[in-house]
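Residue 0 is where the sequence shown starts when you use numbering that gives the first Met the number 0, and the numbers rise one by one after that.
Here a beta-carbon is modelled for each residue, glycine too, at the ideal position from N, C-alpha and C.
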Amino acid sequence: MILKNRMKVAGIIAALILLPFNSFSCTNFIVTKGASSNGSTMITYSADSHVLYGELYFWPSQDFPDGSLLDIYEWDTGRFMGKIRQVPHTYSVVGNMNEHQLAIGETTFTGIESLIDTAGIMDYGSLIYTTLQRAKTAREAIKVISDLVTEYGYGSSGESFSIADGNEAWIFEIIGKGSSNKGAVWVARRIPDGYISGHANQARIQTFPLATDKKNSIAITSKDLKRLNDPIVECVYAWDVIDVARSNGLFSGKNEEFSFSDTYAPITFGGARFCDMRVWSFFKSVNDEMQQYFEYVSGHDLSNRMPLWVKPNRKLSNYDLMNFMRDHLEGTPLDMRKDAGAESFGLPYRWRPLTWKVSGDKNAHEYCNERATATQQTGFSFVAESRSWLPDVVGGIFWFGVDDAATSVYSPIYTSITKVPECFKVGNGDMLTYSPTSAFWLFNLVSNLCYLRYDMMSEDALEVQRELENSYISNTDKTDTEALALLAKDEKQAREFLTAYSIKTSQNTFDKWKSLSEYLLVKYIDGNIKKEVSGKFERNSWGITVSPSQPGYSDTWKKNVIEDTGDKLLVPAGGGH
0 MILKNRMKVA GIIAALILLP FNSFSCTNFI VTKGASSNGS TMITYSADSH
50 VLYGELYFWP SQDFPDGSLL DIYEWDTGRF MGKIRQVPHT YSVVGNMNEH
100 QLAIGETTFT GIESLIDTAG IMDYGSLIYT TLQRAKTARE AIKVISDLVT
150 EYGYGSSGES FSIADGNEAW IFEIIGKGSS NKGAVWVARR IPDGYISGHA
200 NQARIQTFPL ATDKKNSIAI TSKDLKRLND PIVECVYAWD VIDVARSNGL
250 FSGKNEEFSF SDTYAPITFG GARFCDMRVW SFFKSVNDEM QQYFEYVSGH
300 DLSNRMPLWV KPNRKLSNYD LMNFMRDHLE GTPLDMRKDA GAESFGLPYR
350 WRPLTWKVSG DKNAHEYCNE RATATQQTGF SFVAESRSWL PDVVGGIFWF
400 GVDDAATSVY SPIYTSITKV PECFKVGNGD MLTYSPTSAF WLFNLVSNLC
450 YLRYDMMSED ALEVQRELEN SYISNTDKTD TEALALLAKD EKQAREFLTA
500 YSIKTSQNTF DKWKSLSEYL LVKYIDGNIK KEVSGKFERN SWGITVSPSQ
550 PGYSDTWKKN VIEDTGDKLL VPAGGGH
């Protein structure tokens, strides 16, 4: 089922290497409609992997005859998993959002690895994209996921899902039952309206409401999914989620003491520092009570865990979410621009490995780099915006970007489109094949240029980024109005209009970023910085390039070099050039 041209390459790569640091990949933020500035629900997702190619997946809606089967391929590797029954009708899906404004994101927390069912057919990626083709609402999605893993088994490790429609948002966490026990155990909780949540490779659901025999119970089990559409229900869980923990010797307390996260994915230094730190940085930006959890997320007090959701001190916009995805722990004691690892130009990135020791010293301590939300190995990221007050044809906007979110642009993709922009299209290049018309390769070109002189070059990129995103956001109301007018006459015309608009803005993003890449190369070539006057590079009166500036290195860099080299580079008194 997963796109075979992409998966063929992924399968080759997976056969050569193990995917590194999978446990510390991907970030999701969740905003309920009561916490958003325009009444939309929003989820974000960065799909982070060193071998994931950034492209925009697309499945048009289809009808299938009785008896049809669907091939399932593992999203990470392309490995064939098996076949499942196809449904008579599937919904159109663009990226991680469908035509009914349902959106799903994920982060992997791995958890107890002995619970992975190697015979399970449904991996986490296939669950996402199959569910998006079969469900209209978040609650329907929960039922589809439950039914799929029950019938076909769950073949991945622990996973957290963000699931949102136009009215509500849920966090859903799942793990297998082991190789001899088909299915999965899971818990899903609705985020209270007016609150925000998030997850980043650490299971977050701890204790949760338990089902009772009362009709007004806010919690139900998977045996009572007929009640799932009851608005009072705000927690759903696999009927045997506690029993499986007991039978595996993972839990022995009272049912009401059971914590999904502490049982199936016990917190570690890495779970706090590399994972929950990203959620904390999002929370602390909009909630004044998060400093009390700094010792926890820095990995020094694992007992004081953060709440699953918090109430923000202001309403959040789609542009806020875009910028939260660009976080490098700025303004915290762990700001990645402020230590020696940033070198002279304030680089907020550290190349792998994530943890390290000094070579040759068998007694050396282990140290770590920070794992911030914005990271160099992002394949794609998005802000999915579901707007319940608009018809589905117009309401869903999938703000999509490729590569590192900090130096990417979120282009508006309406989820009723019938064709994908060429620069984002699946098959336009891959991780081993450069394509000059691929947005992924273009954005990687710019980001890798910026990594060389981040303090200055990134500012030039951010100026273009802000210009593009603000223009797209400000144009949304006008685009909606035109689409609604067409929809009143003919749905096909409305879809064609929104398809053309999404393609136009995506190509505009590509063209502007291409110009940016050329500008950066000219301005910063060979460590020089060319001077500009009125937006043009300066020439003298004879048309020759004016001598560029050469700002050199920071004092911190200079002191580190002196400490490392002693007198080797010392210029004798009076011997300067």
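Exercise. Does the separation of the CB atoms of Asn95 and Leu147 fall below 8 Å?
Worked result: no
Problem set entry | DSSP three-state assignment for Ala34, whether helix, strand or coil | helix
Exercise. What are the complete beta strand (DSSP E) segments, minimum 3 residues, inside the segment 81-138?
Worked result: 102-109
For this session: Take Tyr583 and list the residues in its own chain whose beta-carbon comes closer than 7 Å to its own, dropping the five residues that flank it on each side.
Result: With the chain covering only 0 through 576, there is no way to say anything about residue 583.
For this session: State the Cα-Cα distance for the pair Phe257 and Ala271, rounded to the nearest angstrom.
Result: 20 Å
For this session: Give the straight-line distance between the Cα atoms of Ala137 and Lys82, rounded to the nearest whole angstrom.
Result: 25 Å
For this session: Give a yes or no on whether the C-beta atoms belonging to Ile29 and Ala218 are separated by under 8 Å.
Result: no
Exercise. So, helix, strand or coil for Arg203, using DSSP?
Worked result: coil
For this session: Count the C-beta pairs between the segment 245-260 and the segment 203-221 that are closer than 8 Å, then say yes if the count reaches three, no if not.
Result: yes
For this session: Pick out the complete beta strand (DSSP E) segments inside the segment 373-453, 3 residues or longer, and give them in chain order.
Result: 377-385, 396-401 and 410-413
Exercise. For Ser548, which residues from the same chain have a beta carbon less than 6 Å from its beta carbon, with the 5 sequence-adjacent residues on both sides left out?
Worked result: Ile528
Exercise. Near Ala199, what residues of its chain come up, given a Cβ to Cβ distance below 6 Å and the 5 sequence neighbours on each side ignored?
Worked result: Thr26, Thr106, Cys274, Arg277 and Val278
Exercise. Can at least three beta-carbon pairs, one atom from the segment 417-432 and one from the segment 491-503, be found at a separation below 8 Å?
Worked result: yes
For this session: Taking the CB atoms as reference points, tell me whether Tyr348 and Tyr450 lie closer together than 8 Å.
Result: Between Tyr348 and Tyr450, the C-beta gap is smaller than 8 Å, which places the two residues in contact.
Problem set entry | Validate contact between the segment 241-254 and the segment 331-340 using beta carbons, cut 8 Å, 3 pairs | no
Exercise. Is the beta carbon of Thr377 less than 8 Å from the beta carbon of Ala46?
Worked result: yes
Exercise. Start and end of the beta strand (DSSP E) containing Tyr44?
Worked result: Thr40 to Asp47
For this session: Could you round the C-beta distance between Val50 and Met430 to whole angstroms and report it? I think they count as a contact, below 8 Å.
Result: In this structure Val50 is in contact with Met430, their Cβ atoms being roughly 6 Å apart against a cut-off of 8 Å.
For this session: Work out the CA separation of Ala118 and Glu54 for me, nearest whole Å.
Result: 29 Å
Problem set entry | Every unbroken alpha helix (DSSP H) within the segment 224-309, with a cutoff of 4 residues, ordered by chain | 240-246, 259-263, 276-283 and 293-296
Exercise. Taking the continuous alpha helix (DSSP H) assigned at Arg189, which residues delimit it?
Worked result: It is not in any alpha helix (DSSP H) - Arg189 instead sits in the beta strand (DSSP E) that spans Ala183 to Arg189.
Exercise. What residue range is occupied by the uninterrupted beta strand (DSSP E) comprising Phe160?
Worked result: Gly157 to Ala163
Problem set entry | Close-in-space but distant-in-sequence residues of the same chain around Lys511 (CB under 7 Å, 5 per side omitted) | Val463 and Leu467
Problem set entry | Range covered by the alpha helix (DSSP H) that runs through Ser505 | Looking at the DSSP string, the run of the alpha helix (DSSP H) that includes Ser505 is Glu490 to Tyr523.
For this session: Rounded to whole angstroms, what's the CA-CA distance from Ile141 to Ser179? Just pull it up for me.
Result: 24 Å
Exercise. Using 8 Å as the threshold, is the segment 480-492 in touch with the segment 384-402, meaning 3 or more CB pairs across them?
Worked result: Touching, yes, given that three or more Cβ pairs across the two stretches are closer than 8 Å.
For this session: Helix, strand or coil for Trp556, going by three-state DSSP, please let me know.
Result: helix
Problem set entry | Three-state secondary structure assigned by DSSP to Ser196 | Of the three classes helix, strand and coil, the one that applies to Ser196 here is strand, per DSSP.
Exercise. Beta-carbon separation of Ile120 and Gly152 under 8 Å?
Worked result: yes
Exercise. Are the segment 438-449 and the segment 474-482 in contact at 8 Å, needing three or more beta carbon pairs?
Worked result: no
Problem set entry | Tyr615: first and last residue of the uninterrupted alpha helix (DSSP H) it sits in | A question about residue 615 goes unanswered here, because the residues of the chain that appear run from 0 up to 576.
Problem set entry | Anticipated Cβ contact below 8 Å, Ala163 with Ser385, distance rounded | 6 Å
For this session: Report yes if the CB atom of Thr331 is closer than 8 Å to the CB atom of Ser410, and no otherwise.
Result: no
Exercise. Is the CB-CB distance between Phe281 and Phe323 below 8 Å?
Worked result: yes
For this session: Consult DSSP for Ser548 and reduce its assignment to one of helix, strand or coil.
Result: strand
Exercise. Which word fits Tyr366, buried or exposed, when buried means at least 16 other C-beta atoms lie within 10 angstroms of its C-beta?
Worked result: exposed
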